[in-house]
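Chemist: Just so you know, we're using this note's numbering here: the sequence shown kicks off at 3 and counts up by one.
C-beta atoms are modelled at their ideal positions from N, C-alpha and C, and glycine is treated no differently.
Because the structure is a prediction, the values reported are computed rather than measured.
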Amino acid sequence: MSTNSEHRMAKRSYVRVVVDRAIRRELDYSVPESLAERVGVGSRVRVPFRDKSALATVVAVPEQSEAKGIRPIEAVIGEAPILSEQLLELARWISIYYCCPIETVMRSMLPQVIRRAEVGWKKQLFVQPSRNIEAEEIEKLRKRAPRQAELLEAIAKLEKPIRAAELLRQTSLDNQTLRALVKRGLAELREEAVIRDPHGDDQFIATSNLVLNEEQTHALNEITQALDSPENARPILLHGVTGSGKTEIYLQGIRAALDRGRTAIVLVPEISLTPQTVERFKGRFAEAQDTVAVLHSHLSEGERHDEWHKIHSGRARIVIGARSAIFAPLKNLGLIVVDEEHETTYKQEEAPRYHARDIAIVRAKIEKCVVVPGSATPSLESHHNAAIGKYRLVTLTQRVDQKQMPLMRIIDLRQERRKEKKAAILSEKLSQAIADRLEKREQTILFLNRRGFSTSLLCSNCGEARNCPNCSVALTFHRHPAVDGRLSCHLCGHTAAVPKKCPACGQDALIYYGFGTEKVESTVAQIFPKAVVRRMDADSMTRKEAYRETLRNFRTGKIDILVGTQMIAKGLHFPNVTLVGIINADLALHLPDFRAGERTFQLLTQVAGRAGRGETPGEVFVQTYTPFSPSIQFARHHDFAGYFQQELEFRERCDFPPFKHAILITVRSAHEGRAKLSAETLKRRLREALTYSTEAPKPEAYSAAPTRRKPLGLRSLAAAAKAGPEEFILGDATPAPLEKLQGQFRFHILIRGEAIMRLSRLVRETLDKLPFPEDVTVTVDVDPYQLL
Ligand code: ADP
Ligand code: ZN
């Protein structure tokens, strides 16, 4: 008896799990013998939790458990563990760095269909004969049941199983007839999983490697060398002007990774994940249909399930996708490419507020693989990391076709205004340039990062603007479909009718003020009545197919002038576009955001990259009220180095990234006073926590974002010499620039410092100790990009 129980004791095992609930704790459960074989680290399980069941992820398999009243798990979900040890390690890192519970991290790592395991494979019925069918048998059947005989005849002829639905369609017979044959034991039905391939119907033309030029060859060599000794490889920052052949290098780099038996992830901003981009990758790796998996936000749940399993099972070896594709469950990862690494859409604006490029750097370190962030306008952070030797820098200075960079002309809107006496949408020079292109049958892109027709409705008598009742912004007037002839809030979606008279003073003195893409479209159409003008922004592209359709029509020359928001600024190749007009370059510049200058420089450079990709050199017109601002001047001269230097000096002077990390805490509530009080209390507690934290800084295991190695300038030397509380800069609790959003009053606290892991921990601990009123919400954003 004792041996028996000992035996059972020895086999008894435990799992430590993270339940899909925000409880910030790991819990232990026991594993019934019947399930022991099937669980491991990374498995999904169902466990009893409080008085219900909950889904959970196994994060460890401890031999002992100290926990009291331990209960057994109820079930194991799926066949294999869905998270590798490396991905679990990554999840832990994210949870600490971004100040966010691990269960929230896992929500981002695992698509809902996988976590819940509710959607399965799409199953279809296949038919085949159950045995050899003789001709006589069919004839005999024909007398009694002619339709069954007809179907049996077709089935007998099958060379391989066929989908039942397909067979019935071909023979025009029904399901009942088929069932009758099955009942007679003449035909057999089998369920098989079929893959929902969103690109299954597309034909991909196979392409092969291009012969690389000298700069490209050098860049590829860096990657292959790193692939050969990934343990000590540094991230490779590929800085190449638009059209310098970066994508070709990615393609050949991936090929090199596959040749070494490894896999690859390519991250692209969601907006650049166009059919064109997918085609380039699917085309190059066309040898096996399943090699490339694509992950993006428009997949159906079923498609997402299938793509995910295609990756998890090892059939797909390349994953191309937007932000969350960085969590793709590839094994044996060899290379991660982050295209357009400067793109702010890599930053997730809900918890976990991670930046996919930084996660890529960390995952590469954990998985010992090569990571290549690439861009025509690298972020200041990445370029700085290259400058201090944390990254390797590889530059491509030439366009592949040796074409000239487009000519940038700056148009001073102040002078235009003096001439015209009112704000012009199109300056005379830009207008003429468009006319010239129309005559030559070349195409134009006009860019304005603001939707709608008029950006506000003002009263010229009392000065009141129509503001959103929920947010502290003016309502935008739209003339076209989505909110036809109404005012709408771009932040919360609130809409309102246009009043006849000013509701504040009762006067009939309302005027429309400011303009968006709709107005640009209609103005251009008025000036050039013969031209085909189309608009591309979030309002005009609500139909799923509209985007593809407009791009196709633009490519084939059916559209002369394309007006749009940032949707058209990225990664599209249009050889016949020889003119790009930036309607107002100042929009981004005057935001209360330390990255405003950087964004403007990037935007101008990227948009300019759209011009002159074909035979004719391109021209870019930049309309601005601040023609001498550095971002505009450096962009004009395609002077990245000059821009980088001056921007870096500014950041260092002001203690902003990349010299200091920032954490932005937002406290919000529908009740203004409570939000304010909570923010002020939190600030005081943070002050105490930062002052009395005497613990020596912990080493940073994996720091994605820069830490300074080489001091730059006197000021940073002085800062480095300082120790203790002064190492953190704690700002006051202040109303956010966007004071009210969706009915909530918002207050900000900004903290800056170098030791980010320590800072994150202090913030977390302080928050955990502070009880906030129920209607107050606090969010923590580490390395924030959204400062409004
Ligand atoms: P980027 O990604 O830097 O903007 P791409 O990789 O898209 O540049 O290259 C721009 C164009 O040049 C593409 O049409 C590409 O096929 C072509 N190209 C790239 N490398 C070569 C090469 N070595 N020889 C010829 N054409 C090339
Ligand atoms: Zn609003």
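1. Measuring only from the beta carbon, is A378 closer than 8 Å to any heavy atom that is part of the ligand ADP?
2. Do A318 and D292 come within 9 Å of each other at the CB atom, strictly closer than that value?
3. Taking the C-alpha atoms as reference points, what is the distance between V808 and L89?
4. What does the Cβ neighbour count give for Q66, buried or exposed, with the cut at 16 atoms within 10 Å?
5. If you scan the stretch 638-701 from start to end, which runs of the alpha helix (DSSP H) of 4 or more residues do you find wholly inside it?
6. Can you find a heavy atom of the ligand ZN that lies under 8 Å from the Cβ of N223?
7. DSSP puts V582 in a beta bridge; with which residues?
8. Is the beta carbon of I251 within less than 8 Å of some heavy atom of the ligand ADP?
9. At a cut-off of 8 Å, is V402 close to the ligand ADP when judged by its beta-carbon and the heavy atoms of the ligand?
10. So is L212 buried or exposed if we call it buried at 16+ other beta carbons inside 10 Å?
11. Given a cut-off of 9 Å on the beta-carbon distance, is the pair M111 and S299 in contact?
12. Could you check whether the Cβ of S246 sits closer than 8 Å to any heavy atom belonging to the ligand ADP?
13. Would you mind stating whether A166 and Q126 have Cβ atoms separated by less than 9 Å?
14. Please report the distance separating the alpha-carbon of D341 from that of R394.
15. To the nearest angstrom, report how far apart F646 and G620 are at their CA atoms.
16. If we call anything under 9 Å between Cβ atoms a contact, is I665 one with I758?
17. So, are the CB atoms of T580 and I413 less than 9 Å apart?
18. Kindly list the residues whose CB is nearer than 7 Å to the CB of R26, restricted to its own chain and excluding five residues on each side of it in sequence; keep chain order.
19. Return the chain-ordered list of same chain residues with a C-beta closer than 6 Å to the C-beta of P354, the five sequence neighbours on each side being excluded.
20. Check G285 in the structure and name its three-state DSSP category.
21. For the stretch 261-341, which segments carrying the alpha helix (DSSP H) assignment without a break, of at least 4 residues, lie completely within its bounds, in sequence order?
22. Where does G599 land, buried or exposed, given buried means 16+ other C-beta within 10 angstroms?
23. I'd like to know whether the C-beta atoms of L450 and R468 end up nearer to each other than 9 Å.
24. I'd like to check one pair, E28 with V61: are the Cβ atoms closer than 9 Å?
25. In whole angstroms, give me the CA-to-CA distance for L606 and A587.
26. Does the Cβ of H663 have 16 or more other Cβ atoms within 10 Å, making it buried, or fewer, making it exposed?
27. Is the beta carbon of F749 less than 9 Å from the beta carbon of A677?
28. Got a sec? Which residues, its chain only, sit under 7 Å from Q604 by beta carbon, not counting five neighbours each side?
29. Any idea what DSSP makes of N223, helix, strand or coil?
30. How many Å lie between I363 and G336 at the Cα?
31. Just to confirm the assignment, what range does the alpha helix (DSSP H) spanning G2 have?
32. CB of H314 to nearest heavy atom of the ligand ZN: below 8 Å?
33. Which runs of the beta strand (DSSP E), 3 residues or longer, sit entirely within the stretch 383-425?
34. Looking at A366: is its Cβ nearer than 9 Å to the Cβ of V321?
35. According to DSSP, simplified to helix, strand and coil, what is K1?
36. Taking the alpha-carbon of A151 as reference, which of A137, G376, D657, V270 has the nearest alpha-carbon?
Modeler: In short, the structure shows the following:
1. Translated into the one-based positions of the sequence shown, residue 378 becomes position 376. The answer is yes for A378.
2. The residue labelled residue 292 in the question sits at position 290 within the sequence shown. The residue labelled residue 318 in the question sits at position 316 within the sequence shown. It is a contact, given that the beta carbons lie within the stated cut-off.
3. Residue 808 lies beyond the range of the chain shown here (3 to 790); nothing can be said about it.
4. The residue given as residue 66 occupies position 64 in the sequence shown. Counting every other CB atom within 10 Å of its CB across the protein chains shown gives Q66 a total below 16, marking it as exposed.
5. Complete alpha helix (DSSP H) runs here, min 4: 642-655, 674-694.
6. Position 221 of the sequence shown, counted from the start, is the residue given in the question as residue 223. Not so, every heavy atom of the ligand ZN lies at least 8 Å from the Cβ.
7. Start at 1 with the first residue of the sequence shown, and residue 582 comes out as number 580. DSSP output for V582 lists I447, V622 as bridge partner(s).
8. Within the sequence shown, numbered from 1, the residue matching residue 251 stands at position 249. Because some heavy atom of the ligand ADP lies under 8 Å away, the Cβ of I251 counts as near it: yes.
9. In the sequence shown, the residue the question calls residue 402 occupies position 400. Distances from the CB of V402 to the heavy atoms of the ligand ADP include at least one below 8 Å.
10. Walking along the sequence shown from the start, residue 212 turns up at place 210. Looking at its Cβ environment, which holds fewer than 16 other Cβ atoms inside 10 Å, L212 is exposed.
11. Indexing the sequence shown from 1 puts residue 111 at position 109. Indexing the sequence shown from 1 puts residue 299 at position 297. No; because the gap between Cβ atoms is not below 9 Å, this pair is not in contact.
12. On the sequence shown, residue 246 is found 244 positions in, with the first residue counted as 1. Within the cutoff, so yes.
13. Sequence index remark: in the sequence shown, residue 166 carries index 164 (1-based). Sequence index remark: in the sequence shown, residue 126 carries index 124 (1-based). Closer than 9 Å, so yes.
14. In the sequence shown, counting from the first residue as 1, residue 341 sits at position 339. In the sequence shown, counting from the first residue as 1, residue 394 sits at position 392. Distance between the alpha carbons of D341 and R394 is about 16 Å.
15. Within the sequence shown, numbered from 1, the residue matching residue 646 stands at position 644. Within the sequence shown, numbered from 1, the residue matching residue 620 stands at position 618. Cα to Cα, the separation comes out at about 25 Å.
16. Taking the sequence shown and counting its residues from 1, the one referred to as residue 665 is at position 663. Taking the sequence shown and counting its residues from 1, the one referred to as residue 758 is at position 756. Closer than 9 Å, so yes.
17. Residue numbering aside, residue 580 sits at position 578 when the sequence shown is read from its first letter. Residue numbering aside, residue 413 sits at position 411 when the sequence shown is read from its first letter. No, Cβ-Cβ distance for T580 and I413 is not below 9 Å.
18. For the purposes of this step, residue 26 is taken as residue 24 along the sequence shown, with counting starting at 1. Taken in chain order, the residues that qualify are P103.
19. Numbered from its first residue, the sequence shown carries residue 354 at position 352. Excluding residues within five positions, the ones whose Cβ falls inside 6 Å are I96, Y100, C102, T106, V107, S110.
20. Numbered from its first residue, the sequence shown carries residue 285 at position 283. Note: G285 maps to helix in three-state DSSP.
21. Runs of the alpha helix (DSSP H) spanning 4 or more residues and lying entirely within the stretch 261-341 occur at 277-286, 303-314, in chain order.
22. Stepping through the sequence shown from its first residue, residue 599 is reached at position 597. Under the 10 Å beta carbon count, G599 is surrounded by 16 or more other beta carbons and is classified as buried.
23. Translated into positions along the sequence shown, residue 450 becomes position 448. Translated into positions along the sequence shown, residue 468 becomes position 466. With respect to R468, L450 sits apart: the two C-beta atoms are not nearer than 9 Å.
24. Looking up residue 61 in the sequence shown gives position 59. Looking up residue 28 in the sequence shown gives position 26. Their beta carbons are under 9 Å apart, which means V61 touches E28 by this criterion.
25. Counted from its first residue, the sequence shown places residue 606 at position 604. Counted from its first residue, the sequence shown places residue 587 at position 585. Distance between the alpha carbons of L606 and A587: 8 Å.
26. Counting from one through the sequence shown, the residue named residue 663 turns up at place 661. Result: buried.
27. Taking the sequence shown and counting its residues from 1, the one referred to as residue 749 is at position 747. Taking the sequence shown and counting its residues from 1, the one referred to as residue 677 is at position 675. Judged by beta-carbon spacing, A677 lies within the 9 Å limit of F749, meaning their Cβ atoms are closer than that value.
28. Translated into the one-based positions of the sequence shown, residue 604 becomes position 602. Cβ neighbours of Q604 beyond the five flanking positions: H344, T379.
29. To locate residue 223, count along the sequence shown from 1; it is residue 221. Note: N223 maps to helix in three-state DSSP.
30. Translated into the one-based positions of the sequence shown, residue 363 becomes position 361. Translated into the one-based positions of the sequence shown, residue 336 becomes position 334. Rounded to the nearest angstrom, the two C-alpha atoms are 13 Å apart.
31. Here the chain covers residues 3 to 790 and nothing more, so residue 2 does not appear.
32. Walking along the sequence shown from the start, residue 314 turns up at place 312. Flag unset: Cβ of H314 not near the ligand ZN.
33. 394-398, 409-414, all fully within the stretch 383-425.
34. Position 364 of the sequence shown, counted from the first residue, corresponds to residue 366. Position 319 of the sequence shown, counted from the first residue, corresponds to residue 321. Not in contact: A366 and V321 (Cβ atoms no closer than 9 Å).
35. Outside the shown range of the chain, which is 3 to 790, sits residue 1, and nothing can be said about it.
36. Walking along the sequence shown from the start, residue 151 turns up at place 149. Here the closest residue by C-alpha is A137.
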